[in-house]
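Engineer: Using the UniProt record's numbering, the first residue of the sequence shown is number 1, and each one after it goes up by one. Note that CB positions come from ideal geometry on N, CA and C, so glycine has one too. What you are looking at is a predicted structure, and each value in this text was computed from that prediction instead of being measured. Below are the structure tokens for one structure; questions will follow.
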Amino acid sequence: MLNKAKNLLETYFGYDQFREGQEEIIQKVSEGKDTLAIMPTGGGKSLCYQIPAMLFPGITIVISPLISLMKDQVDALEKTGIPSTYINSTLPSEEINERLSGIYNGNYKLVYIAPERLEVPSFLRLLKQIHISFLAIDEAHCISQWGHDFRPSYLQIKNLISQIQPKPVILALTATATPQVQNDICDLLHIHKEHVVMTGFERENLHFQVVKGEDRDRFLLNYIEKNSGQAGIIYAATRKEVDRIHLLLERKGVSAGKYHAGMSEAARNRQQEQFLFDNIMIMVATNAFGMGINKSNVRFVIHYHIPRNMESYYQEAGRAGRDGEESACLLLFAPQDTHIQSFLIEQSEMDDERKENEYSKLRKMIAYGHTESCLQQYILHYFGEENPPECGKCGNCTDSREQVDVTIDAQKVLSCIRRMNERFGKTMITKVLTGSADKKIKSFGFEQLTTFGILKERTQKEVSEFIDFLTAEGYLQPTDGQYPILTLTESAGNVLRGKEPVLRKEKVRISQIVEDNELFERLRELRRELATKEKVPPYVIFSDVTLREMSAALP
Ligand code: ADP
Ligand code: MG
Ligand code: ZN
């Protein structure tokens with residue numbers, strides 16, 4: 001079987017080797033095992049059903065929500081000599097009828113359909129009359145309520161499977177399944193855990209970076225200028241912001257396209273084509289852009305605002321570097337933007353359980369913005385890989401700022417949370433730590449705590465950011481829901497017992513503020529001295545502002 005598959009790979013597709021995972025997946029389905037394939041975007045999932053489609057005796061049905069992609073795939077297959085067709089709402093009804101009778105007469109090996117078709121009874125009747133040996137379900141995460149793109153019509157698939165006799169072999173494919181979503185797909189489609197094939201999610205050529213505390217417009221213009229001539233996508237959270245950023249670029253003489261759902265379909269298609277054919281190098285877009293777009297030479301993807309979860313982020317950022325060349329994925333992180341996403345969840349019509357789930361996913365996205373560990377490691381860990389290594393090249397891995405020991409501060413925060421019986425959220429904890437005069441604090445009796453006001457020399461903002469940092473680094477575990485309670489983790493216990501130090505990158509890099517080397521060294525020494533005397537971490541003494549003032553005052 002595999003020899004045959006290899007031959008097909010060469011003769012039809014012109015490739016001489018399978019990529020990671022492809023062979024194993026093809027092997028499993030040819031043995032009749034229902035399989036879940038998890039491979040990153042661009043990993044080559046299509047071949048995993050196109051090749052078996054030619055090995056199976058009957059017809060292969062491919063269910064995909066990406067209508068815009070079906071035509072391209074079918075055109076490509078027809079060119080290589082594999083008889084195939086697609087059926088979706090873009091076709092006039094006579095055309096659909098013609099194709100249906102073609103399917104009935106066995107003219108096609110592969111048939112792509114949109115999931116909505118499964119709600120049409122006459123179509124289901126037709127499917128029962130033909131010989132379907134293989135059913136591929138692309139973007140299979142759409143079947144899970146816990147996925148980031150749930151589509152109710154995907155639930156019809158179960159129904160379809162139960163009606164086809166004999167039961168076809170099933171292959172579910174996705175690029176973005178968290179362990180929770182994987183379980184859900186397996187449960188709903190009755191796939192055994194041992195038939196889940198997951199290839200590495202790592203994309204070696206991508207450099208991740210989180211940009212914080214910068215003027216975003218200025219950063220963007222600079223970045224584009226430095227990388228002029230290269231193709232890049234800039235994602236923004238709303239249509240209004242897409243329009244604004246697009247205008248900003250045009251005013252600075254950068255020719256850019258834009259794409260969002262508020263534009264006419266014709267206008268969107270025009271912009272997309274211009275970008276695909278390198279007539280314009282920059283595309284400013286909402287997340288409506290990119291599904292099913294196969295542009296290989298995208299050199300950077302910049303998220304101007306935080307997306308709603310890591311799945312969306314990795315999918316969108318992953319549109320960079322499909323050709324394997326080094327490419328950058330930047331998140332311009334401003335903690336205040338997270339309110340846009342919270343608001344969208346709050347306004348949505350999801351039930352409470354799903355909302356809670358969305359909030360907790362958003363929090364993990366925010367933690368990505370705060371973390372000081374390897375960004376790629378964070379991503380791989382999120383998608384369920386065990387012990388992923390540090391990448392050595394992301395923004396955090398290459399961040400040369402000094403690490404300062406903030407164990408004492410961490411102990412103060414963690415012990416305060418313990419004193420409060422791990423029953424409160426960030427706002428309340430911050431208030432107690434900074435000794436706020438809030439009436440609520442009185443009513444709870446927090447003023448009696450030994451830890452009350454233990455960080456009163458800091459601002460609420462500083463303390464709140466420090467708590468975010470402790471959360472991102474895994475010392476605190478938030479509960480689900482919109483107003484999460486912070487609880488202590490096992491490593492928090494180690495910190496409290498003095499068994500584990502907490503290190504944090506310096507908040508401000510002096511070299512960014514003071515360019516003169518000698519001056520820089522003097523300031524650094526002065527700061528160390530003071531810190532030792534005051535018994536606090538150096539960054540606490542010098543804020544950005546005081547450093548600036550000091551360097552101005554020094555001769
Ligand atoms: P996915 O659906 O996983 O995002 P695709 O199936 O669209 O990825 O494949 C991405 C690209 O990789 C396509 O251009 C495809 O032709 C190419 N590709 C797939 N398999 C191989 C292979 N074995 N060798 C070389 N290129 C491949
Ligand atoms: Mg695909
Ligand atoms: Zn890294």
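Within its chain, find whatever has a CB closer than 7 Å to the CB of GLN156; leave out the 5 residues flanking it on each side and keep chain order.
Structural biologist: Within the same chain, GLN156 has close Cβ partners PRO115, LEU118 and GLU119.
Engineer: Roughly how many angstroms separate the alpha carbons of GLU307 and ILE161, rounded to a whole number?
Structural biologist: Here the sequence assigns Pro to residue 307, which means Glu is not the residue at that position. Whole-angstrom Cα-Cα distance: 35 Å.
Engineer: Go ahead and pull the three-state DSSP assignment for MET198.
Structural biologist: Strand.
Engineer: Among the residues of its own chain, which have a CB less than 6 Å from the CB of residue 556, if the five just before and after it don't count?
Structural biologist: Outside the shown range of the chain (1 to 555) lies residue 556, about which nothing can therefore be said.
Engineer: Evaluate ILE408 with the Cβ neighbour count: other Cβ atoms within 10 Å of its Cβ, from every protein chain shown; 16 or more gives buried, anything less gives exposed.
Structural biologist: Exposed, since its Cβ has fewer than 16 Cβ neighbours within 10 Å.
Engineer: I believe GLU139 touches PRO65 by the beta-carbon criterion, under 8 Å. Please report the beta-carbon distance rounded to the nearest angstrom.
Structural biologist: Rounded, the Cβ-Cβ distance is 6 Å, consistent with contact.
Engineer: Assign HIS141 to one of two classes, buried (16 or more other C-beta atoms within 10 Å of its C-beta) or exposed (fewer than that).
Structural biologist: Buried is the call here.
Engineer: Taking the alpha helix (DSSP H) that ILE96 belongs to, which residues open and close that run?
Structural biologist: Note, ILE96: alpha helix (DSSP H), 93-104.
Engineer: Classify ALA266 as buried or exposed, calling it buried when 16 or more other Cβ atoms lie within 10 Å of its own Cβ.
Structural biologist: Counting Cβ neighbours within 10 Å, ALA266 comes out exposed, since fewer than 16 surround it.
Engineer: Is LYS45 near the ligand ADP, judged by its Cβ being under 7 Å from some heavy atom?
Structural biologist: LYS45: yes, Cβ under 7 Å from the ligand ADP.
Engineer: Any heavy atom of the ligand MG closer than 7 Å to the Cβ of ASP138?
Structural biologist: Checking the Cβ of ASP138 against the ligand MG gives yes.
Engineer: Excluding five sequence neighbours on each side, which residues of the same chain lie with their C-beta closer than 6 Å to the C-beta of PHE333?
Structural biologist: Around PHE333: VAL210, LYS212 and GLY369.
Engineer: Quick one: give me the first and last residue of the alpha helix (DSSP H) that VAL242 is part of.
Structural biologist: Note, VAL242: alpha helix (DSSP H), 239-251.
Engineer: Whole-angstrom Cβ separation of LEU36 and ALA172, contact assumed at under 8 Å?
Structural biologist: That pair is a contact at about 5 Å.
Engineer: VAL545: buried (16+ other C-beta within 10 angstroms of its C-beta) or exposed?
Structural biologist: Per-residue confidence for VAL545 stands at a pLDDT of 49, beneath the threshold of 50, marking its modelled position as unreliable; the derived number appears in the next sentence. With fewer than 16 Cβ atoms within 10 Å of its Cβ, VAL545 is classed as exposed.
Engineer: Is the Cβ-Cβ distance between THR178 and GLY392 less than 8 Å?
Structural biologist: The answer is no: Cβ separation not under 8 Å.
Engineer: Considering only the beta carbon of each residue, do THR85 and SER133 sit closer than 8 Å?
Structural biologist: For THR85 and SER133, no; Cβs fall outside 8 Å.
Engineer: For my contact list, MET54 and ILE82 are in at a C-beta cut-off of 8 Å; report their separation, rounded to the angstrom.
Structural biologist: The pair is a contact, with the Cβ atoms about 7 Å apart (cut-off 8 Å).
Engineer: Inspect the beta-carbon positions of residue 560 and GLN411 and report whether they are closer than 8 Å.
Structural biologist: Outside the displayed range of the chain (1 to 555) lies residue 560, so it cannot be described from this structure.
Engineer: Using only the heavy atoms of the ligand ADP, determine whether one of them is closer than 7 Å to the beta carbon of THR41.
Structural biologist: Flag set: Cβ of THR41 near the ligand ADP.
Engineer: In its own chain, which residues sit with a C-beta less than 6 Å from the C-beta of GLU358, not counting the 5 before and 5 after it?
Structural biologist: For GLU358, where only same-chain residues beyond five positions count, the Cβ hits under 6 Å are ILE345.
Engineer: Report the rounded CA-to-CA distance for LYS364 versus GLU31, giving the unit in angstroms.
Structural biologist: Approximately 39 Å between the Cα atoms of the pair.
Engineer: Roughly how many whole angstroms lie between the Cα atoms of LEU77 and VAL254?
Structural biologist: Their Cα atoms are separated by approximately 38 Å.
Engineer: Quick one: is ASP323 buried, meaning 16 or more other Cβ sit within 10 Å of its Cβ, or exposed?
Structural biologist: So ASP323 ends up on the exposed side.
Engineer: Check whether the region 438-448 touches the region 374-381, taking contact to mean three or more Cβ pairs, one atom from each stretch, closer than 8 Å.
Structural biologist: Flag = no, the region 438-448 and the region 374-381 do not touch.
Engineer: On the CB-based measure, 16 or more other CB atoms within 10 Å of its CB, does GLU457 come out buried or exposed?
Structural biologist: Exposed, because fewer than 16 other Cβ atoms sit within 10 Å of the Cβ of GLU457.
Engineer: Count the CB pairs spanning the region 292-299 and the region 214-233 that are closer than 8 Å, and state whether there are at least three.
Structural biologist: Contact between the region 292-299 and the region 214-233 is present, because at least three Cβ pairs lie under 8 Å.
Engineer: Identify whether GLY232 lies in helix, strand or coil by the three-state DSSP scheme.
Structural biologist: Here GLY232 sits in strand by DSSP.
Engineer: Rounded to a whole number of angstroms, what is the C-alpha to C-alpha distance between ARG270 and TYR259?
Structural biologist: Taking the straight line from one Cα to the other gives about 10 Å.
Engineer: CB-CB under 6 Å to TYR313, same chain, minus the five flanking residues each way: which ones, in chain order?
Structural biologist: Excluding positions up to five away in sequence, the list reads PRO307.
Engineer: Suppose you measure from the CA of ILE340 to the CA of GLY474; what does that come to, to the nearest Å?
Structural biologist: Spanning the two alpha carbons is a distance of roughly 25 Å.
Engineer: Considering only residues of the same chain and omitting the five flanking positions on each side of ASP337, which have a CB-CB separation below 6 Å?
Structural biologist: The residues are HIS305 and ILE306.
Engineer: Would you say the beta carbon of TYR223 is closer than 7 Å to some non-hydrogen atom of the ligand ADP?
Structural biologist: Incorrect: TYR223 has no Cβ contact closer than 7 Å to the ligand ADP.
Engineer: Thinking C-beta only, is LEU375 closer than 8 Å to PHE219?
Structural biologist: Contact: no.
Engineer: If you draw a straight line from the alpha carbon of LEU276 to that of THR434, how long is it in whole angstroms?
Structural biologist: Cα to Cα, the separation comes out at about 53 Å.
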